[in-house]
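**Student:**
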Amino acid sequence: MFMKLYYAASLTVFAAWAMKVVNTDLALKKIPNAQTVLGFKFLLLALGVMAVNSLLGSTGEVTDFLNWNFYRLWAVHAGLSALAGLILWYSEVWPAGDAKFFMILSAWLPLINPFIGNLPTYLFLVVLINIFVAAALYTIGKFLADGLHSASPSDYFGKIWSDVKERFSQLADGGRRNRALAALLLANMTMVFLLQQVLVMESRGLLSGLFARTELLYFFMFFLWEKVARLFRSRLWTWLTMAFYPAYLVLGYFFFFGHMVLMLKYALIHVFKFSLILVAGRAMMEFLMEKKDMVYLTAAELEPGVVLSSGSARMLRSNPALCGDFDDCFKDGLDEDQVAALREWLGRLPGEAPKVETVKGRPFALWIFAGCCLTLLLDRNLAALLK
């Protein structure tokens, strides 16, 4: 009886605090640290009450309790959720407030339902899939609804299609040099998937578990792409690729030809799938979502906290005149040093009051909360339901 009351109370506090954060984020487009700290205290309280009940159960005082193995599973899940939140912040997908909100909500889920599926190593990824799939479906639906309710649907959808073609043109622009770099990038990506499979297969189970899950490799590469792509294009990685392929192909031809063919097929299939996800998810969906929130600011209008568009961030990151000041353009917005550097650079450009492309803050706490609720209700990821 106690555990049922505990689960109901934990769910109530979880929902009340999360809705307060969501309403604040919708109003201010940011999550105050005070609310994050309060949520963390509630989480620790919920965990502490459950641990006290387990202690009483281990001494025979109560009969309805969870054994100590649950807390080991919870700790693994909470640690992976924290790592995922840090990656999403560092990869410039979420601001720090959203990342911390996700960490707390994700860690709370097993305290509401200790028998939730995919605990401990895969649950955080299920939550993230539900968050981003739900947000993407809403975005697509809103695009379609806005178009159908516009004064001229044909013009609306024609403009979207022209934007898509413009983005594809930007990705393909550059002639032979870009095609050569793209081919090298694909070869480097193939090596990653190939090495992952070879190491898992040949380690005789020693590298099973997290390392064996290709979907986790997808997650880390997808969200860290802006950082990882630089490594793949580096001279060091290129030399490693040039050394790896001849050695692997020659040894494979003479000693394990059939096995090598299977591994290469596996790697190429995953590179193809990942490339489609990368183009659709990062290059196109991000491009279309930012189009609606685009704002062009002059040097005088820039201030700390302004968020650059993805295109502006890439452009400034690759600009040697800025000396690496924009290698990290977090979604928390520009800091004072970056604003000063950007103002100085804009001041040197020709023309009257040159502008930089920025985006308005987009509240995402609602979708983080929605993804967690969907995980509790469905106990699986939305992508599996869409198959």
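Those letters in the sequence shown? Residues 2 to 388, by this note's numbering. Beta carbons: idealized from backbone N, C-alpha and C, even for Gly.
#1: Between Asp328, Tyr267, Asp333, which has its C-alpha nearest Ala342's C-alpha?
#2: Measure the alpha-carbon distance for Gly306 versus Glu291 and round it to whole angstroms.
#3: Would the beta-carbon of Leu367 fall within 7 Å of that of Val23?
#4: Helix, strand or coil for Lys101? Go by DSSP, reduced to three states.
#5: Determine whether the beta carbon atoms of Asp262 and Leu303 lie at a separation below 7 Å.
#6: Looking at C-beta atoms only, is the number of pairs between the region 259-274 and the region 318-335 that lie closer than 8 Å three or more?
#7: Going by DSSP, which residues form a beta bridge with Leu309?
#8: Got a sec: does the ligand PLP put a non-hydrogen atom nearer than 6 Å to the Cβ of Leu46?
#9: Mind checking who Tyr297 pairs with in its DSSP beta bridge?
#10: If you run the structure through DSSP and keep just helix, strand and coil, what is Thr215?
#11: Could you give the residue range of the alpha helix (DSSP H) that holds Phe245?
#12: Using 7 Å as the threshold, is the C-beta distance between Pro364 and Lys30 below it?
#13: Could you check if Ile141 is buried or exposed, using at least 16 other CB atoms within 10 Å of its CB as the buried criterion?
#14: How big is the Cα-Cα spacing for Phe125 and Leu350?
#15: Where are the alpha helix (DSSP H) runs, 4 residues long or more, that stay fully inside the region 44-129, in chain order?
#16: Which of the three DSSP states is assigned to Asp336 in this structure?
#17: Report back the beta-carbon spacing between Ile105 and Leu45 to the nearest angstrom; my notes put them in contact at under 8 Å.
#18: Rounded to a whole number of angstroms, what is the C-alpha to C-alpha distance between Ile117 and Leu379?
#19: So what does DSSP say about Ala9, is it helix, strand or coil?
#20: Among the candidates Val360, Ala230, Tyr254, Met243, whose CA atom is the shortest distance from the CA of Asp294?
#21: In whole angstroms, what separates the C-alpha of Phe257 from that of Phe102?
#22: When burial is assigned at 16 or more other CB atoms within 10 Å of the CB, is Phe255 buried or exposed?
#23: Taking only the alpha-carbon atoms, compute the straight-line gap between Lys228 and Ser92 and give it to the nearest angstrom.
**Tutor:** Taking the structure as given:
#1: Answer by Cα proximity: Asp328.
#2: C-alpha separation (whole angstroms): 17 Å.
#3: Val23 is positioned such that its CB atom lies closer than 7 Å to that of Leu367.
#4: In the three-state DSSP reduction, Lys101 falls in the helix class (H, G or I).
#5: For the sequence presented, residue 262 should be read as Val rather than Asp. Not closer than 7 Å, so no.
#6: Counting Cβ pairs under 8 Å, fewer than three are found: no touch.
#7: As computed with DSSP, Leu309 is found in a beta bridge with Thr359.
#8: Judged by which ligands are present, the structure shown has none, so any question about the ligand PLP falls away.
#9: The beta-bridge partner set that DSSP reports for Tyr297 consists of Glu358.
#10: DSSP, read as helix, strand or coil, puts Thr215 in helix.
#11: In the DSSP annotation of this structure, the continuous segment of the alpha helix (DSSP H) that includes Phe245 starts and ends at 236-256.
#12: Yes.
#13: Looking at its Cβ environment, which holds fewer than 16 other Cβ atoms inside 10 Å, Ile141 is exposed.
#14: Rounded to the nearest angstrom, the two C-alpha atoms are 46 Å apart.
#15: If we require 4 residues or more, the alpha helix (DSSP H) runs fully inside the region 44-129 come out as 70-91, 97-113.
#16: Asp336: coil per DSSP, three-state reduction.
#17: Actually they are not in contact, since the Cβ atoms of Ile105 and Leu45 sit about 10 Å apart, beyond 8 Å.
#18: About 10 Å.
#19: Three-state DSSP puts Ala9 in a helix.
#20: The shortest Cα separation from Asp294 among Val360, Ala230, Tyr254, Met243 belongs to Val360.
#21: The alpha-carbon atoms of Phe257 and Phe102 are separated by roughly 49 Å.
#22: Taking all protein chains shown into account, Phe255 has fewer than 16 neighbouring C-beta atoms within 10 Å of its C-beta and is therefore exposed.
#23: Using only the alpha carbons, I get a separation of about 7 Å.
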